[in-house]
Structures are given as structure tokens and as C-alpha cells.
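Structure first, commentary second.
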Amino acid sequence: MIQQVTIQMTSARTYVLEGNKKCDQLNPKELMLLAGVTCAGMTAMAIMEKERVSPTRFELSISGELDTETVQSSSVFKSFRIVYNVQCECENDQMKVSRAINLAHDKHCGGVQMLRKIAPVADEIAIVNTK
């Protein structure tokens with residue numbers, strides 16, 4: 539079974555769940571995914587800010603494949619996938635955004651590092667510019 543959580547960055551640089559969901563509507567496996575993807579987003583944004591890049595849109599989605607057909611307390615994740623969707627104002631920012639996400643995903647994000655102790659964590663980056 540696949541569990542998935544999607545978050546979007548707001549103009550106040552906070553993250554909200556897609557579809558106006560609230561945390562108390564998520565099961566424990568989804569909450570774990572939420573923690574990992576929020577950490578990845580916050581870490582990537584911190585690196586982007588140091589590079590003086592401010593994306594106009596930042597959406598992250600994480601999915602995890604469970605080893606059971608239904609969510610159970612004994613279910614264990616077999617794999618994870620994080621998709622980073624970023625919109626920038628100019629083409630020059632694309633390199634900086636890509637670098638920031640790669641650094642966050644591969645090295646600096648503690649949440650992703652913890653997920654890696656459970657199962658492999660793949661990533662996909664989609665960056666578009668508005669000009």
C-alpha cells in the first residue's frame with residue numbers, strides 16, 4: 539500500500555497540507571511522512587535563503603510504500619519517494635534551487651536521513667521559471 543502526503547509553502551514561509559487537511563486527520567504512518575517532508579522543505583528553504591533565492595511556489599510530496607495491503611501497526615515502509623516542485627522567477631535561480639534541494643536531500647536534512655535508516659529514499663526535482 540502507498541501512503542502519500544503533499545505540502546505547500548505559504549507566503550509566510552510555513553507549510554500547509556494539501557486539501558486543507560489537518561494533522562489530526564492523518565494516520566501515524568502519514569504523520570511520519572509529514573515530518574520527513576516538512577524537514578526536507580525547511581532545510582531546502584534555509585539553503586535557498588542563504589543563496590538569496592526565493593521561489594514563488596514550493597510544493598513537496600512524499601510517498602511511502604508499505605509492506606502490507608492495509609495500514610497496520612506492524613506495517614513497515616519498503617521505500618520512500620520525495621517530489622520537489624519549485625517555481626522560480628528566473629532561469630538563473632534554477633541552478634541554485636537544484637543545488638539547495640540536492641544538498642538538503644542528500645546531506646543536511648535530518649528527517650530524510652532518518653527515513654533512510656528505514657528504507658531507500660528516492661527524489662525527483664521539477665523546477666520551472668515564470669519568465
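In our numbering, the protein residues as written are 539 to 669.
Even glycine gets a Cβ: it sits at the ideal position worked out from N, Cα and C.
Predicted, not measured: the structure shown is a model, and the values here were computed from it.
- By the Cβ test, the region 587-604 is in contact with the region 556-574, since at least three Cβ pairs between them sit closer than 8 Å.
- Per the DSSP secondary-structure output, residue 662 pairs in a beta bridge with 621.
- Just measuring C-alpha positions, the residue of 606, 575 and 610 sitting nearest residue 565 is 610.
- Inter-segment contact for the region 600-607 and the region 626-633 is absent: fewer than three beta-carbon pairs are separated by less than 8 Å.
- A direct Cα-Cα distance of roughly 10 Å separates residue 575 from residue 581.
- The residues 615, in chain order, have a CB closer than 6 Å to that of residue 656 in the same chain once the five nearest residues on each side in sequence are set aside.
- Of the candidates 660, 662, 622 and 542, 622 places its Cα closest to the Cα of residue 593.
- Residues of the same chain with a CB within less than 6 Å of the CB of residue 544, apart from the 5 flanking positions on each side, are 556 and 599 in chain order.
- About 6 Å separates the Cβ atoms of residue 578 and residue 620, confirming a contact at the 8 Å cut-off.
- By the criterion of a C-beta distance shorter than 8 Å, residue 667 is surrounded in its chain by 625, 626, 627, 628, 629, 631 and 632, once the five residues flanking it on both sides are discounted.
- Judged by DSSP secondary structure, residue 576 falls within the alpha helix (DSSP H) whose first and last residues are 566-588.
- For residue 554, there is no enclosing alpha helix (DSSP H); the enclosing beta strand (DSSP E) has its first and last residue at 553-555.
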